[in-house]
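A.B. asks: For the record, in the sequence shown the residue sitting at position 103 is 200 according to our numbering, with numbers rising by one throughout. Think of the CB as a built atom: it goes at the ideal place given N, C-alpha and C, for glycine as much as any other residue. Let me give you the structure first, and then I'll get to my questions.
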Amino acid sequence: MRHLLEVDDLTPGELGRVLDLAADPAPPQVLAGRGMALLFEKPSARTRNSMEMAVVQLGGHPMYIQGSEVGLDARESVEDIARTLACFHGAIGARVFAHTTVERMAALDLVPVVNMLSDAAHPLQALADVLTMRQLLGDLAGRSVTYVGDANNVFRSLALAAGMLGMEVRFTGPPGYRPGEVDTDRLAAAGVVVAGFDRPEEAVEGTDIVYTDVWTSMGQEGESAQRLLDFEGYQVDERLLDAAGAQALFLHCLPVHRGEEVSSGAVDGPASRVWQQAENRMHAARGLLAWLLGEAVHDENGGNP
Ligand code: CP
Ligand code: NVA
């Protein structure tokens with residue numbers, strides 16, 4: 098059984114296939130008559146709505162569940178919650194604090210599990226990101242994306258997806274917030290090398306895409322005052338986009354914190370493609386689920402439906 102906990106659960110070929118399916122005008126009704134459980138331990142605007150609509154477009158019924166309602170490891174164990182949801186649903190999506198929570202659900206191998214964001218990874222976002230970049234740039238091989246800020250869940254998944262499709266991946270962020278050894282080892286295993294830069298101006302020069310995310314992720318709110326100080330000088334603003342060059346486009350997974358990691362002028366300016374990127378969350382999610390519940394199952398059964 099296949100799951101999507103991080104982008105490298107897919108081969109580069111499968112990743113390309115998911116992106117192709119995202120553009121399918123007549124998506125296969127792989128969830129006809131079935132449900133998908135969408136469990137959220139954290140808030141969401143894009144992920145919940147894009148997943149609910151993707152499930153509907155594949156013929157299924159999305160079921161939104163708040164983490165506090167089922168009480169992960171409080172009311173009952175993560176495993177017993179997953180076993181219960183698998184009685185009713187064809188797949189489980191979960192947005193969690195600890196990545197181990199989605200790993201524990203997937204280890205049961207009852208139904209496909211999709212990570213809808215954990216402290217470690219945000220693979221659905223990365224699928225939408227590479228889909229957007231492919232729409233903007235065409236073939237991504239040899240193109241470049243420069244991530245400015247915190248080497249967080251969004252960065253890890255983006256670096257994997259972009260690198261697996263042959264992009265040059267650059268990173269710039271302050272000491273203490275750069276990719277660690279675990280990150281670089283995992284990226285290297287997927288054939289991805291990240292070029293690190295101390296100065297944002299140097300990192301973005303000539304790049305195709307400038308990308309940033311919040312400095313304080315969900316669950317890190319207690320660190321936000323310190324992070325505001327530590328990330329000073331790493332805001333993506335009009336001046337940094339100018340330094341990148343006229344070709345550079347701007348992406349952000351959203352939500353933005355205007356005046357922190359990005360200026361209003363950059364989000365709302367001519368280089369920004371963030372709303373196209375947000376819409377692509379739904380198309381990418383639909384492509385992923387069409388593959389995960391369709392072709393991936395078919396392949397596992399040796400070609401038999
Ligand atoms: N980008 C993203 O995952 O947005 P939400 O947190 O609103 O789902
Ligand atoms: N890194 C952010 C992404 C939000 C979509 C977080 O985890 O809160």
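Could you say which of Leu102, Pro124, His186 lies nearest to His380 if we only look at CA atoms?
C.D. replies: Sequence index remark: in the sequence shown, residue 380 carries index 283 (1-based). Answer by Cα proximity: Pro124.
A.B. asks: Does the contact criterion of 3 or more C-beta pairs under 8 angstroms hold for the segment 258-275 versus the segment 226-245?
C.D. replies: yes
A.B. asks: Please indicate yes or no: does the CB of Gly100 lie closer than 7 angstroms to some heavy atom of the ligand NVA?
C.D. replies: For the purposes of this step, residue 100 is taken as residue 3 along the sequence shown, with counting starting at 1. As written in the sequence, residue 100 is His, which differs from the Gly given in the question. The answer is no for His100.
A.B. asks: In or out: Ser174 buried (at least 16 other Cβ within 10 Å) or exposed?
C.D. replies: Start at 1 with the first residue of the sequence shown, and residue 174 comes out as number 77. Looking at its Cβ environment, which holds fewer than 16 other Cβ atoms inside 10 Å, Ser174 is exposed.
A.B. asks: Give the secondary structure of Phe194 by DSSP, where H, G and I count as helix, E and B as strand, and everything else as coil.
C.D. replies: Within the sequence shown, numbered from 1, the residue matching residue 194 stands at position 97. Three-state DSSP puts Phe194 in coil, outside helix and strand.
A.B. asks: So what's Leu351 in DSSP terms, helix, strand or just coil?
C.D. replies: Against the sequence shown, residue 351 aligns to sequence position 254. Note: Leu351 maps to coil in three-state DSSP.
A.B. asks: Since Pro109 contacts Leu389 with CB under 8 angstroms, what's their CB separation in whole angstroms?
C.D. replies: By one-based count along the sequence shown, residue 109 stands at place 12. By one-based count along the sequence shown, residue 389 stands at place 292. That pair is no contact at about 17 angstroms.
A.B. asks: Please give the ranges of any alpha helix (DSSP H) in the segment 288-375, keeping only runs that are unbroken, at least 4 residues long and fully inside the region.
C.D. replies: 297-301, 321-327, 335-341, 361-365
A.B. asks: Would the C-beta of Leu135 count as close to the ligand CP, meaning under 7 angstroms from any of its heavy atoms?
C.D. replies: Translated into the one-based positions of the sequence shown, residue 135 becomes position 38. No.
A.B. asks: Taking only three categories from DSSP, how would you classify Asn146?
C.D. replies: Along the sequence shown, read from residue 1 onward, the residue named residue 146 stands at position 49. DSSP places Asn146 in helix when its eight states are reduced to three.
A.B. asks: Does the beta-carbon distance from Ala179 to Leu205 come in below 8 angstroms?
C.D. replies: Indexing the sequence shown from 1 puts residue 179 at position 82. Indexing the sequence shown from 1 puts residue 205 at position 108. Their beta carbons are under 8 angstroms apart, which means Ala179 touches Leu205 by this criterion.
A.B. asks: At the level of alpha carbons, what is the spacing between Met98 and Val394?
C.D. replies: As a position in the sequence shown, residue 98 is number 1, starting the count at 1. As a position in the sequence shown, residue 394 is number 297, starting the count at 1. Rounded to the nearest angstrom, the two C-alpha atoms are 7 angstroms apart.
A.B. asks: Can you check which of these residues, Val199, Gly356, Leu346, His100, is closest to Asp226 by C-alpha distance?
C.D. replies: Numbered from its first residue, the sequence shown carries residue 226 at position 129. Of Val199, Gly356, Leu346, His100, the residue nearest in Cα terms is Leu346.
A.B. asks: Give me the DSSP bridge partner(s) of Gly132.
C.D. replies: Counting from one through the sequence shown, the residue named residue 132 turns up at place 35. According to DSSP, Gly132 shares a beta bridge with His158, His186.
A.B. asks: Rounded to whole angstroms, how far is the Cβ of Phe137 from the Cβ of Arg192, which I believe are closer than 8 angstroms?
C.D. replies: Taking the sequence shown and counting its residues from 1, the one referred to as residue 137 is at position 40. Taking the sequence shown and counting its residues from 1, the one referred to as residue 192 is at position 95. So it is a contact: roughly 5 angstroms between Cβ atoms.
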